[in-house]
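Q: Sharing a structure below in structure tokens format, with a few things to ask.
There are 2 protein chains.
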Amino acid sequence: MSSEDIKNKLTERGLKVTPQRMAILEAIYNLKNHPTAENIIDYIKKMHPNIATGTVYKVLGALVDNRLVKKVKTENDIMRYDGVMKSHHHLYCMESDVIKDYVDEELDELLQNYFEKKNLPGFKIEDIVLQVKGTFNK
Amino acid sequence: MSSEDIKNKLTERGLKVTPQRMAILEAIYNLKNHPTAENIIDYIKKMHPNIATGTVYKVLGALVDNRLVKKVKTENDIMRYDGVMKSHHHLYCMESDVIKDYVDEELDELLQNYFEKKNLPGFKIEDIVLQVKGTFNK
DNA sequence: TATCTAAATGAGAATTATTCTCTTTTAGGA
DNA sequence: TCCTAAAAGAGAATAATTCTCATTTAGATA
Chain A
1 MSSEDIKNKL TERGLKVTPQ RMAILEAIYN LKNHPTAENI IDYIKKMHPN IATGTVYKVL
61 GALVDNRLVK KVKTENDIMR YDGVMKSHHH LYCMESDVIK DYVDEELDEL LQNYFEKKNL
121 PGFKIEDIVL QVKGTFNK
Chain B
1001 MSSEDIKNKL TERGLKVTPQ RMAILEAIYN LKNHPTAENI IDYIKKMHPN IATGTVYKVL
1061 GALVDNRLVK KVKTENDIMR YDGVMKSHHH LYCMESDVIK DYVDEELDEL LQNYFEKKNL
1121 PGFKIEDIVL QVKGTFNK
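If you read the protein sequences in the order shown, they are chains A and B.
Quick note: the first sequence uses the working numbering, first residue 1, plus one each step.
Quick note: the second sequence uses the working numbering, first residue 1001, plus one each step.
Spelled out as structure tokens, the structure:
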């Protein structure tokens, strides 16, 4: 993801393009494994030591509100952030803090068909996310 | 769920039966919609005004460790608790803080078969929980 | 291009959920 | 009934996040 692409993402959403927002989005895209706010802060302070912690939280909030980033909650109640906006699921390792994205369009279609038939009365489904818990083989 | 049942649950897990633990488990079973620690504290303080906040957190931790209660992950950063231990999914309302349990054995079987065929290499699945996001019809 | 203003940032205090420490109490086995 | 490890109480400590308000800035407009 180039700087130009990141800039466009912000502009498309009507968000002002600031160095802080660029740095934070860049950090989320570069840091793998769904970084925490702290991971992001550590990362961007290398290049932008003057960025305020509060700004990072405020920007993260704005990015989530504008659907440029997703929040992911872990078993250990720490909030993490995910730059992959395409519908996808998560594999949670129960032995480490790894969360792996899992994209499976066949599964998505299966689920969509299932719930179309099922038609939960009184509930309109917008999105389905699987939390698949288990362990990665060593 | 009777007091006797709750008591048995604690005993089965080798946990000492204390009034605090009884009250907290009772609160989780009585409070609907996946209470937060704060909800639980407010609820039990009516009957047990002297219970310490720290004790509630400690007991919740012990209950989760002993699989008498589950933690529920939400998009927001407050932890919520669930006394239903049977495998089930959640319907998250995006317009309110309602989280409804969703039990569907047909779906569970479908998913199990799907992943048996799929056989994610390098990952051993223990549990699958669906976060179904949407809105309840008004 | 210069100006203007609402929006964004910085700095650090404030808040809030949760954990920790240490003393006292208690459940339940001997 | 006694004993002891486990649990609870009290409140301080911690850590993540939010808030406040003064200053700066992006980008729309003239």
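Glycine included, every Cβ here is placed at the ideal spot set by N, Cα and C.
On a CA-only basis, which of 87/A, 125/A and 58/A is nearest residue 108/A? Give me that one, please.
A: As a working mapping, residue 108/A is identified with position 108 in the first sequence. Among 87/A, 125/A and 58/A, the Cα nearest to that of residue 108/A is on 87/A.
Q: Kindly list, in the order they appear in chain A, the residues whose Cβ is closer than 9 Å to that of residue 1126/B.
A: The count along the second sequence starts at 1 and reaches residue 1126/B at position 126. Correct list: 94, 132, 133, 134 and 135.
Q: Taking the alpha-carbon of residue 119/A as reference, which of 1121/B, 1067/B, 1066/B and 1102/B has the nearest alpha-carbon?
A: The residue given as residue 119/A occupies position 119 in the first sequence. Distance from the Cα of residue 119/A is smallest, within the candidate group 1121/B, 1067/B, 1066/B and 1102/B, for 1102/B.
Q: Along the chain, where does the alpha helix (DSSP H) that runs through residue 1013/B open and close?
A: Within the second sequence, numbered from 1, the residue matching residue 1013/B stands at position 13. Per DSSP, residue 1013/B belongs to no alpha helix (DSSP H) and is neither H nor E.
Q: Going along the chain, which residues of its own chain have a beta-carbon closer than 6 Å to the beta-carbon of residue 7/A, five neighbours each way excluded?
A: Here residue 7/A refers to the residue found at position 7 when the first sequence is read from its first residue. Within the same chain, residue 7/A has close Cβ partners 17.
Q: According to the neighbour-count rule (16 or more other Cβ atoms, all chains shown, within 10 Å of its Cβ), is residue 1083/B buried or exposed?
A: What you label residue 1083/B is simply residue 83 of the second sequence in a count that begins at 1. Its Cβ being crowded by 16 or more others within 10 Å, residue 1083/B is buried.
Q: Is residue 107/A close to chain B, meaning its C-beta is less than 8 Å from at least one C-beta of that chain?
A: Locating residue 107/A in the first sequence gives position 107, counting from the first residue. At a cut-off of 8 Å, the C-beta of residue 107/A has a neighbouring C-beta in chain B.
Q: When you compare the CB positions of residue 1068/B and residue 1081/B, do they come within less than 8 Å of one another, or not?
A: Position 68 of the second sequence holds residue 1068/B. Position 81 of the second sequence holds residue 1081/B. With contacts defined as CB atoms closer than 8 Å, residue 1068/B and residue 1081/B fail to qualify as a contacting pair.
Q: Consult DSSP for residue 1097/B and reduce its assignment to one of helix, strand or coil.
A: Looking up residue 1097/B in the second sequence gives position 97. Residue state, collapsed to three classes: coil.
Q: Could you check if residue 49/A is buried or exposed, using at least 16 other CB atoms within 10 Å of its CB as the buried criterion?
A: Position 49 of the first sequence, counted from the start, is the residue given in the question as residue 49/A. It counts as exposed.
Q: Using only the alpha-carbon positions, how far apart do residue 1032/B and residue 30/A sit?
A: Translated into the one-based positions of the second sequence, residue 1032/B becomes position 32. Translated into the one-based positions of the first sequence, residue 30/A becomes position 30. Near 41 Å, if we compare the C-alpha coordinates of residue 30/A and residue 1032/B.
Q: To the nearest angstrom, how far is it from the Cα of residue 55/A to the Cα of residue 20/A?
A: Your numbering for residue 55/A matches position 55 in the first sequence. Your numbering for residue 20/A matches position 20 in the first sequence. Cα to Cα, the separation comes out at about 8 Å.
Q: Just to confirm, is the Cβ distance from residue 41/A to residue 23/A under 8 Å?
A: Here residue 41/A refers to the residue found at position 41 when the first sequence is read from its first residue. Here residue 23/A refers to the residue found at position 23 when the first sequence is read from its first residue. Taking 8 Å as the Cβ cut-off, residue 41/A and residue 23/A do not qualify as a contacting pair.
Q: Within its chain, find whatever has a CB closer than 8 Å to the CB of residue 1134/B; leave out the 5 residues flanking it on each side and keep chain order.
A: Indexing the second sequence from 1 puts residue 1134/B at position 134. For residue 1134/B, the CB contacts under 8 Å within the same chain, skipping 5 residues up- and downstream, are 1091, 1092, 1093 and 1094 in chain order.
Q: Check the Cβ-Cβ distances between residue 1114/B and every residue of chain A, and say whether any is below 8 Å.
A: Residue mapping note: residue 1114/B aligns to position 114 of the second sequence, counting from 1. Among the residues facing chain A, residue 1114/B is included, as its CB has a counterpart in that chain under 8 Å away.
Q: For residue 122/A, which residues in chain B fall below 7 Å Cβ to Cβ?
A: Taking the first residue of the first sequence as position 1, residue 122/A is located at position 122. By Cβ distance, chain B contributes 1136 and 1137.
Q: Which parts of the stretch 1034 to 1063 of chain B are runs of the alpha helix (DSSP H), unbroken and 4 residues or longer, counting only runs that do not cross its ends?
A: 1037 to 1047
Q: Starting from the Cα of residue 1159/B, find the closest Cα among 1028/B, 1004/B, 1015/B and 1114/B and give me that residue.
A: Absent from the structure is residue 1159/B, since the part of chain B shown begins at 1001 and ends at 1138.
Q: For a minimum of 4 consecutive residues, which ranges assigned as the alpha helix (DSSP H) are wholly contained in the stretch 1065 to 1134 of chain B?
A: 1105 to 1118
Q: Give every residue of the same chain whose Cβ lies closer than 8 Å to the Cβ of residue 89/A, excluding the five residues on either side of it in the sequence, and list them in chain order.
A: Here residue 89/A is taken as the residue at index 89 of the first sequence, counted from 1. Hits under 8 Å: 101, 102, 103, 104, 107, 129, 130, 131 and 132.
Q: Can you check whether the C-beta of residue 91/A is within less than 8 Å of a C-beta belonging to chain B?
A: Walking along the first sequence from the start, residue 91/A turns up at place 91. Residue 91/A counts as touching chain B.
Q: Based on Cα-Cα distance, which residue from 114/A, 36/A, 62/A and 47/A lies nearest to residue 72/A?
A: Position 72 of the first sequence, counted from the start, is the residue given in the question as residue 72/A. Ranking the options by Cα distance to residue 72/A, first place goes to 36/A.
Q: Tell me, please, whether the CB atom of residue 110/A is closer than 8 Å to any CB atom in chain B?
A: By 1-based counting over the first sequence, the position of residue 110/A is 110. Residue contact with chain B for residue 110/A: present (Cβ-Cβ distance below 8 Å to some residue of chain B).
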